[in-house]
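The next block holds one structure in the form of structure tokens; read it before the comments.
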Amino acid sequence: MEKLIELKNLVKHYPILGGILRHQVNAVQALDGINLDILKGECLGLVGESGCGKTTTGKAIVKLHEATSGEINFHLKKKDGSTEVKDIVPMSNRMLKKSGIRGKLQMVFQDPTTSMNPRMLIKNIIAEPINEVENLKSREMESRVKKLLNTVGLGEQHLLRYPHEFSGGQRQRLAVARAIATNPDFIVLDEPTSALDVSVQAQILNLLKDLQQQLGMTYLFVTHHLLVVKYISTRIAVMYLGKIVETAKTADLFKTPFHPYTFALLSAIPNANIDKKSSRIILEGDVPSPLNPPKGCRFHPRCPFAIEQCRTVEPQLEDVGNGQAAACHRKEDVPKLVKDKFNFYFKN
Ligand SMILES: Nc1ncnc2c1ncn2[C@@H]1O[C@H](COP(=O)(O)OP(=O)(O)OP(=O)(O)O)[C@@H](O)[C@H]1O
Ligand SMILES: [Mg+2]
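For what it's worth, the numbering used here labels the leading residue of the sequence shown as 132, then goes sequentially.
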């Protein structure tokens with residue numbers, strides 16, 4: 132499959148200011164060298180514990196946050212059918228607009244209540260991103276907004292309402308309408324269903340799936356809910372403390388994980404495809420602080436199988452199976468170690 136976005140050694144450090152002069156005293160190393168390809172038309176799930184850098188990755192790609200260094204190469208399809216590859220990290224907002232990339236990248240947030248201005252009417256909320264990239268007359272704009280509302284299962288009776296006059300599920304539909312308003316190629320969905328109750332979650336997931344097929348969009352689906360990601364994603368990337376530790380097609384990841392951290396995540400799912408007798412892999416200790424990440428393999432302080440080498444040598448991503456995994460120092464032995472220590476294994 133063709134690539135749409137390539138992240139190359141992407142780094143995002145949030146400065147921590149201190150002292151009387153408020154100068155930088157430290158930095159949160161939220162992303163520390165991410166290498167990841169996002170393929171055209173796929174839904175890539177991004178999973179990992181709270182604070183590992185999932186939202187930061189999404190925000191860096193859609194340029195809500197400036198990356199500290201590295202490349203985000205966007206494959207832009209031009210009108211004549213040719214493709215141009217552009218690194219968007221150094222591009223200003225003006226350059227993004229001029230090159231036509233601005234409207235191609237969108238994001239939907241977890242909490243639709245806080246992501247919409249409570250004083251704006253729905254018709255203006257949805258028109259806002261369109262105004263950023265196009266000049267439409269008011270009548271044209273209104274018909275475009277009506278069409279978008281219909282696409283997400285709402286109607287023109289909602290045009291003159293405020294965000295608080297909707298249910299949570301409807302508000303997330305509005306957020307989706309706003310995200311697709313500029314005909315984007317790529318949408319970051321940051322926990323779009325986590326704040327909703329289960330039946331509404333299913334409706335929104337199905338809406339997102341249908342829209343992806345109809346409009347040929349590519350998704351980065353951020354979540355820590357592995358069953359949701361199993362349902363919606365074609366491929367999954369697992370993150371730990373600012374690094375990608377494993378990527379694989381969804382079915383492969385659930386069948387044959389490579390990295391000890393992936394095993395631990397999978398063992399936490401109730402009713403996963405594992406034997407009933409399997410027990411959960413309980414990780415000891417807390418996630419280390421991204422202010423001062425551990426040397427060597429970042430997972431070593433919590434890894435039940437760490438050896439001396441893990442404390443000093445940082446594993447790099449390498450090709451395994453149909454995907455990639457950090458070259459864990461115990462790699463061939465991991466499945467057996469997991470089975471012996473935790474009696475955790477997959478049925479097939
Ligand atoms: N604007 C900011 N300024 C400083 N630090 C930040 C900022 N945004 C995020 N961080 C820090 O960066 C790290 C990664 O945060 P991020 O929001 O990307 O995590 P996450 O994986 O999305 O977590 P969650 O699952 O809880 O949403 C965290 O340690 C967080 O405290
Ligand atoms: Mg987040």
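Even for Gly, the Cβ is constructed at its ideal location relative to N, Cα and C.
The stretch 159-235 contains, as complete beta strand (DSSP E) runs of 3+ residues, the segments 174-178, 200-208 and 214-218 (chain order). The alpha-carbon of G164 is positioned some 24 Å away from that of L227. Distances taken from the Cβ of H154 to the heavy atoms of ligand 1 include none shorter than 7 Å. Apart from sequence neighbours up to five positions away, the residues of its chain that approach I147 with a beta-carbon distance below 8 Å are Q155, V156, N157, A158, V159 and L422, ordered along the chain. Put simply, the stretch 439-455 touches the stretch 361-380. At least three CB pairs are less than 8 Å apart. R366 sits in a strand when the DSSP states are folded into three classes. Assignment of beta-bridge partners to I318 by DSSP yields Q237 and Y350.
Remark: the C-beta of D242 is outside contact range of ligand 2, defined as less than 7 Å to any heavy atom.
According to DSSP, residue pairing for L280 in a beta bridge does not occur.
In the three-state reduction of the DSSP assignment, I335 falls in the helix class. N262: not part of any beta strand (DSSP E); member of the alpha helix (DSSP H) spanning I253 to V264, first to last residue. DSSP places Y392 outside any beta strand (DSSP E); the residue lies instead in the alpha helix (DSSP H), whose first and last residues are P391 to S398. For the options V264, E263 and A258, the alpha carbon positioned closest to that of R270 is the one of A258.
Put simply, the backbone Cα of K185 is about 32 Å away from that of S213. Here I413 is exposed, its C-beta having fewer than 16 other C-beta atoms within 10 Å. Shown here for F240: same chain residues with a beta carbon closer than 6 Å to its own, the five before and five after excluded, namely S246 and D321 in chain order. Rounded to whole angstroms, the gap between the alpha carbons of K134 and E197 is 22 Å.
In this structure, C183 has its CB closer than 7 Å to one or more heavy atoms of ligand 1. A contact between stretches requires three or more CB pairs, one per stretch, nearer than 8 Å, and the stretch 328-347 meets this requirement with the stretch 301-315. Comparing alpha-carbon positions, the option among I169, R309, I318 and P221 lying closest to Q237 turns out to be I318. Relative to the Cα of L327, the nearest Cα in the group N262, D218 and P243 belongs to P243. Taking the CA atoms as reference points, K254 sits about 9 Å from L280.
Counting C-beta atoms within 10 angstroms of its own C-beta, T393 has 16 or more neighbours from the protein chains shown and is therefore classed as buried. With a cut-off of 8 Å on Cβ pairs, the stretch 385-401 is not in contact with the stretch 193-208, counting fewer than three such pairs. With a threshold of 7 Å, the Cβ atom of V159 counts as near ligand 1, since some heavy atom of the ligand is closer than that.
The alpha-carbon of D464 is positioned some 12 Å away from that of A437. Taking 8 Å as the cut-off, the Cβ atoms of K143 and A161 count as close. Per the DSSP secondary-structure output, V142 pairs in a beta bridge with D163 and S200. Within a 10 Å sphere around the beta-carbon of V216 sit fewer than 16 other beta-carbons, which makes this residue exposed. Counted as a single uninterrupted DSSP element, the stretch harbouring T313 is not any beta strand (DSSP E), since DSSP gives it neither H nor E. Measuring C-alpha to C-alpha distances from L177 to each of G149, V353, A399 and R309 identifies V353 as the nearest. Counting along the chain, the unbroken beta strand (DSSP E) around Q455 starts and ends at G454 to A457.
DSSP places D450 inside the beta strand (DSSP E), whose first and last residues are L448 to V451.
Within 7 Å of the C-beta of Y145 there is at least one heavy atom belonging to ligand 1.
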